[in-house]
Amino acid sequence: MQNIMQKLLNNWRNNFNSSLNEIKNNGFDDRFIRLWNYYLAYCESGFKTKRIGLNQIKIIHN
14 MQNIMQKLLN NWRNNFNSSL NEIKNNGFDD RFIRLWNYYL AYCESGFKTK
64 RIGLNQIKII HN
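Residue numbers for the sequence shown follow the numbering used here, beginning at 14 and rising by one.
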C-alpha cells in the first residue's frame, strides 16, 4: 500500500502542477500553490520513507 500511495500522491502533485493556469484563474495565489505542493510532496516522501502509513479498520457491532 505504501508504494501505491506514493505513486498516487506523485500523480496528484503532477496533475496539480499541470493545472496551475486554471488554479490561478480561479483566484488561488502563489501561497496556496506552494502550500499544496509542500503538502503533497511531504505526504509522498512520508510514504516513500515509511514514516506515514495507511490502515483500514472495520468495526462491526455485535
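Idealized CB from N, CA, C, for every residue including glycine. None of these values were measured; they are calculated from a predicted model.
Look at the Cβ atom of residue i, then the Cβ atom of residue j, and state whether they are nearer than 7 Å.
i	j	result
Phe45	Gln19	no
Met14	Leu53	no
Leu22	Cys56	yes
Please report the straight-line C-alpha distance between residue i and residue j, rounded to a whole angstrom.
i	j	result
Asn34	Gly40	10 Å
Lys63	Phe29	24 Å
Asn38	His74	48 Å
Asn27	Asn50	9 Å
What are the boundary residues of the alpha helix (DSSP H) that includes residue i?
i	result
Leu33	33–38
Segments of 4+ residues assigned as alpha helix (DSSP H) that fall wholly inside the stretch 38–65: Entirely contained in the stretch 38–65, the alpha helix (DSSP H) runs reaching 4 residues are, in chain order, 43–61.
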